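Residue numbers (the working numbering): 1268 to 1891. Here's the structure, in structure tokens; my notes come after.
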């Protein structure tokens, strides 16, 4: 019987490794820029074409490589970062596995030009699908110049499943932002299709955050600086008024490496307890410095998840640090007794207190408010003694006004009635002894739920979810038919988009126009909102647009139908009636009418329940 176990060829093994390391063009950008940082570069240039499909080029002024090192760098597990297993527990560099360049070369055409400071000429290497095509000497500057072309050219299935250029470009910017924010002392330039996107000179941490995230962040940053034996934490958190539901900039960095840590995220949000509305989160940019031996960065292929040895103590330090910074900068409501306008409290002096007399109150002991005296202005109320009129009112069943005028009783408001044949199915709400009920009583509970009777029991409707369902159907229909009503604004509002948001906007431009938005590009990520859909007069339009953009970014969708769904749902959630809103009976009636006209009135577009019915049997059981 023949043996069935055999070693894979290097080309196949490299493609398998590439599947772990290189998931999309953004992965190439991450690996190449991190290598440039490890090489000691102070100026890095990133050139991208067609969102990385055609070209990803990284040029740095690092220390470069010799001809032998340049060739060996593309072999698997070849690295200059570690020499023994003990080095894994004292990492101070970004890349250390030695698979990045080998994985990139396995799925793309790669060209490298590199030279060291002490060399007169550099080295040029051309590799395609792990095969070295040529290696020659070349004249070039000090550092490395990597050009990755035609990614996944030999893996058609991987290339086919890449997202649209807008989505892939946004992913590249996300990876770049994480690197740029943690390396403010490094200068960066980013070009996409020959257009300059970023030009970031060396700066402070605060200046780099403002340059990357937008000028609006400058007024909302609160500094944090804590130094303990376990960890040193620095950076910034956002003021409570900067909180948002979607697209919140939240970054953790440990030893100059980006990380995701849900446990520490909860610690930051714990510090904002009772300062933020439900569902909103504040931005933060926190930089950790810890002993490398107390963390493990090798638990995930992308090295974005890091295990801490002392997670619970660090969690407590984070909560205390954020709360202290919020308190110092008056982000937490407090009472300050040391203000300059505080009144002076006199000091008690026993010697002078003997001369002080308590105040005297003068009053008339003979005063009686129920006696009518000549000197009193009091007049008792005169009651009519005509008893015949009172009996006449009983006989006529009418109320006869007394001698003195009194305020009439408030009019009785009739509940609105709904004829079942108008809009609602009578089978839903049941029938009475004389057929279909002529009306339905409505009750709003805790300004959140609408209670009404139904054939099978008590119907409870979530008012916000019901409104979301109604608005979603209307928005989706407007996008599909292009009949959205647009309303021009007298004074256009300005909205500043980050490069990631500006990258995704062309993907949504047509759909936003169908909804009723009209945006004009003013350059450098600034847009003017010239028109909005009718009914958004009291809405924060810039925040609304931000929410829709980030909803699309977070989903990472490419299909047109999915984009239509996200836009319609995001707009509905932003404009729907909130919990705590008092509704009149007519408003509740109209909401129910419109809800039951929707094809699916039981659930929201994202699957949340709108209606619950407490059955008659359940009610009877509870009252036994």
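From the three backbone atoms N, C-alpha and C, an ideal C-beta is built for every residue, glycine too. All of these numbers come straight from a predicted model, not from anything done at the bench.
| task | Compute the Euclidean distance between the alpha carbons of residue 1735 and residue 1458, then round it to the nearest angstrom. | result | 41 Å
| residue 1299 classed as buried or exposed, judged by whether at least 16 other C-beta atoms fall within 10 angstroms | buried
| field | Contact check, residue 1406 vs residue 1389, beta carbons under 8 Å | value | yes
| Cβ pair residue 1315, residue 1439 closer than 8 Å | yes
| said: Using the Cβ count rule (16 or more neighbours within 10 Å means buried), how would you classify residue 1631? | reply: exposed
| task | Kindly provide the ranges of any beta strand (DSSP E) runs that are 3 or more residues long and lie completely inside the region 1723 to 1788, ordered along the chain. | result | 1724 to 1729 and 1753 to 1763
| query | How many whole angstroms separate the CB atoms of residue 1590 and residue 1510, which I take to be in contact at a CB cut-off of 8 Å? | reply | Rounded, the Cβ-Cβ distance is 16 Å, inconsistent with contact.
| task | Just grab the DSSP bridge partners of residue 1720 for me. | result | 1725
| query | Is residue 1490 helix, strand or coil when you go by DSSP? | reply | strand
| Three or more beta-carbon pairs under 8 Å between the region 1472 to 1491 and the region 1408 to 1423, yes or no? | no
| query | In terms of DSSP beta bridges, what is residue 1378 paired with? | reply | 1393 and 1414
| request: With distances taken Cα to Cα, identify the nearest neighbour of residue 1525 among 1512, 1555, 1310 and 1714. | output: 1555
| message | DSSP three-state label for residue 1798, please. | response | strand
| Where residue 1312 and residue 1466 are concerned, what is the direct C-alpha to C-alpha distance, given to the nearest angstrom? | 9 Å
| said: Runs of 3 residues minimum, wholly inside the region 1423 to 1480: which ones carry the beta strand (DSSP E) assignment? | reply: 1454 to 1459 and 1462 to 1467
| said: Quick check on DSSP: helix, strand or coil for residue 1817? | reply: helix
| To the nearest angstrom, how far is it from the Cα of residue 1532 to the Cα of residue 1420? | 39 Å
| field | Any 3 or more C-beta pairs closer than 8 Å across the region 1839 to 1846 and the region 1720 to 1727 | value | no
| query | By Cβ distance below 8 Å, which residues in the same chain neighbour residue 1784 in space, the five residues on each side in sequence not counted? | reply | 1753, 1796, 1798, 1799, 1800 and 1812
| said: Contact defined as beta carbons within less than 8 Å: I believe residue 1816 pairs with residue 1514. What is the distance between those atoms, to the nearest angstrom? | reply: 7 Å
| Starting from residue 1891 and walking both ways along the alpha helix (DSSP H), at which residues does that stretch end? | Residue 1891 -> no alpha helix (DSSP H), and no H or E assigned at all.
| request: Taking all protein chains shown into account, decide if residue 1427 is buried (16 or more other Cβ within 10 angstroms of its Cβ) or exposed. | output: exposed
| query | Using a C-beta cutoff of 8 Å, does residue 1487 count as contacting chain D? | reply | No chain D is present in this structure, which holds just one protein chain.
| request: Compare the C-alpha of residue 1958 against each of 1444, 1289, 1503 and 1818 and name the closest. | output: Within the shown structure, residues of the chain are numbered from 1268 to 1891, placing residue 1958 beyond reach of any answer.
| field | Alpha-carbon to alpha-carbon, residue 1395 and residue 1401 | value | 10 Å
| Exposed or buried, residue 1770, counting other C-beta atoms within 10 Å across all chains shown (16 or more means buried)? | buried
| query | Contact check, residue 1847 vs residue 1714 under 8 Å by CB: the rounded distance? | reply | 5 Å
| query | Does the beta-carbon distance from residue 1585 to residue 1495 come in below 8 Å? | reply | no
| So, helix, strand or coil for residue 1315, using DSSP? | strand
| task | Check residue 1871 in the structure and name its three-state DSSP category. | result | coil
| task | With a cut-off of 8 Å on the beta carbons, I'd call residue 1343 and residue 1366 a contact; round off their distance for me. | result | 6 Å
| request: Quick one: using the 10 Å Cβ neighbour count with 16 as the cut-off for buried, is residue 1680 buried or exposed? | output: Any reading at residue 1680 must be qualified, since the residue scores a pLDDT of 37, below 50, and its modelled position is unreliable; no value is offered.
| said: Along the chain, where does the beta strand (DSSP E) containing residue 1526 start, and where does it finish? | reply: 1524 to 1526
| field | Assigned secondary structure, residue 1502 (DSSP; H/G/I helix, E/B strand, else coil) | value | strand
| task | Starting from the C-beta of residue 1876, find all residues in its chain whose C-beta is less than 8 Å away, skip the five residues before and the five after it, and write them out in chain order. | result | 1729, 1732, 1869 and 1870
| task | Inspect the beta-carbon positions of residue 1553 and residue 1519 and report whether they are closer than 8 Å. | result | yes
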